[in-house]
Ligand code: NAP
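Residue numbers (the working numbering): 1 to 355.
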């Protein structure tokens with residue numbers, strides 16, 4: 001079984017194939033067709049498509065399999081799941097599907113990407129080196145931090161960015177959530193299962209979140225909104241004890257006792273590997289065209305590393321699919337093959353179909 005890879009979902013013969021592929025490290029080609037960096041929805045979607053195109057993709061997972069969606073609770077807006085599906089379950093299904101079609105997965109973290117030369121070099125934290133003719137970058141984005149002096153010290157000691165991971169520890173406790181977007185409200189509603197009271201701190205007096213989440217949160221008896229306010233300090237020696245709030249209208253400050261603080265104020269792109277190598281916008285997101293091509297031929301990007309507008313599981317999946325199809329086309333051109341393969345096209349002629 002792939003180390004660290006949870007394939008407990010019944011993936012059918014995919015599991016057998018995964019095991020077969022898991023032991024194929026030594027028989028990998030010297031130069032891979034395509035390496036996918038990242039294991040969020042965009043990465044898995046790209047893996048499913050490149051695998052089904054017989055490109056034998058290699059996917060390098062990053063530190064957390066599944067990216068952000070693996071840390072959320074119920075995903076209610078991914079088409080096809082009318083009752084919703086838990087984020088970790090959705091990732092597991094995507095993973096099983098990609099493996100079933102022949103994706104080789106490495107639980108590893110890319111530390112260096114070399115874009116000089118005729119193929120791309122990829123080095124990982126475990127000391128492995130790979131080369132590939134094409135890359136699909138799906139490294140996603142990570143939660144933005146408040147940037148307060150005590151934030152790092154108190155992370156894991158009351159301060160968290162993941163309600164799904166840490167909510168359980170706050171049974172009957174008083175919590176603070178910062179943010180007014182979909183994530184803040186969705187996770188606040190989840191935290192009501194555990195907390196006795198949740199104060200949502202928002203810097204304006206209007207929420208950014210969608211109407212449904214707003215309605216549910218505003219009506220919830222365990223949720224109090226504190227408007228026009230920001231957190232200016234985190235207080236506590238061994239663990240978080242209170243937060244200092246500043247009202248941006250009156251200028252008043254006060255301390256609010258809190259056992260936990262959950263921060264949901266947006267994201268930053270995971271672009272460190274590509275600084276100075278791939279073009280990015282003023283916010284640091286990779287620039288791609290409609291065909292998911294980055295500024296370097298053969299390097300494609302999909303998901304939140306290049307999209308700070310839509311940021312949905314469904315849009316990331318779509319972008320991953322597009323990147324995979326374009327990577328396939330790029331490889332066909334590189335190898336002077338037609339795309340789709342001439343043989344396949346012949347098989348699809350009306351005469352062939354009628355035969
Ligand atoms: P977001 O929509 O960018 O919202 C970030 C929130 O944090 C905003 O309310 C913003 O305030 C606030 N904020 C930003 N910087 C701040 C700072 N330094 N101090 C205090 N507050 C700060 O981020 P998100 O909620 O993570 O959502 C990201 C994307 O994912 C969105 O497109 C969202 O629709 C999507 N998403 C969808 C769902 C769903 O459909 N169920 C669930 C989660 C996320 P302002 O409003 O004043 O800017």
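For each residue, glycine too, the CB sits at the ideal point set by N, CA and C.
Would the C-beta of residue i count as close to the ligand NAP, meaning under 7 Å from any of its heavy atoms?
| i | result |
| --- | --- |
| residue 281 | no |
| residue 52 | no |
| residue 267 | yes |
| residue 230 | yes |
| residue 182 | yes |
| residue 150 | no |
| residue 186 | yes |
| residue 220 | no |
| residue 202 | yes |
| residue 179 | yes |
Would you mind sorting residue i into buried or exposed? The rule is 16 or more other CB atoms within 10 Å of its CB.
| i | result |
| --- | --- |
| residue 139 | buried |
| residue 307 | buried |
| residue 193 | exposed |
| residue 239 | exposed |
| residue 272 | exposed |
| residue 294 | buried |
On the premise that residue j lies in contact with residue i, defined as a C-beta separation below 8 Å, what is that separation, rounded to the nearest angstrom?
| i | j | result |
| --- | --- | --- |
| residue 80 | residue 316 | Not really, about 15 Å apart at Cβ, beyond 8 Å. |
| residue 124 | residue 103 | At roughly 17 Å, the Cβ-Cβ gap does not stay under 8 Å, so residue 124 and residue 103 are not in contact. |
| residue 228 | residue 203 | 7 Å |
| residue 108 | residue 37 | With 8 Å as the limit, residue 108 and residue 37 do not qualify as a contact, their Cβ atoms being about 10 Å apart. |
| residue 319 | residue 303 | 6 Å |
| residue 220 | residue 268 | Actually they are not in contact, since the Cβ atoms of residue 220 and residue 268 sit about 29 Å apart, beyond 8 Å. |
What would DSSP say about residue i, mapped onto helix, strand or coil?
| i | result |
| --- | --- |
| residue 50 | helix |
| residue 98 | helix |
| residue 41 | helix |
| residue 8 | In this prediction, residue 8 has a pLDDT of 30, which is less than 50 and means its spatial position is unreliable; nothing more can be read from the coordinates. |
| residue 175 | strand |
| residue 89 | helix |
| residue 155 | strand |
| residue 266 | coil |
| residue 111 | strand |
| residue 242 | strand |
| residue 318 | helix |
| residue 225 | strand |
| residue 339 | coil |
| residue 235 | strand |
Looking at the C-beta of residue i, does it have a partner C-beta in chain D at a distance below 8 Å?
| i | result |
| --- | --- |
| residue 68 | The structure shown contains no chain D; it holds only a single protein chain. |
Quiz item: Does the count of Cβ pairs from the stretch 145-155 and the stretch 74-88 closer than 8 Å reach three?
Solution: No: the two stretches stay apart, fewer than three of their Cβ pairs being nearer than 8 Å.
Exercise. Tell me, please, whether the stretch 240-255 touches the stretch 161-170 by the rule of three or more beta-carbon pairs shorter than 8 Å.
Key: In short, these stretches do not touch, since the Cβ pair count stays below three.
Quiz item: Is there contact here, the stretch 205-223 with the stretch 128-142, by at least three beta-carbon pairs under 8 Å?
Solution: Because the criterion of three Cβ pairs below 8 Å is not met, the stretch 205-223 and the stretch 128-142 do not touch.
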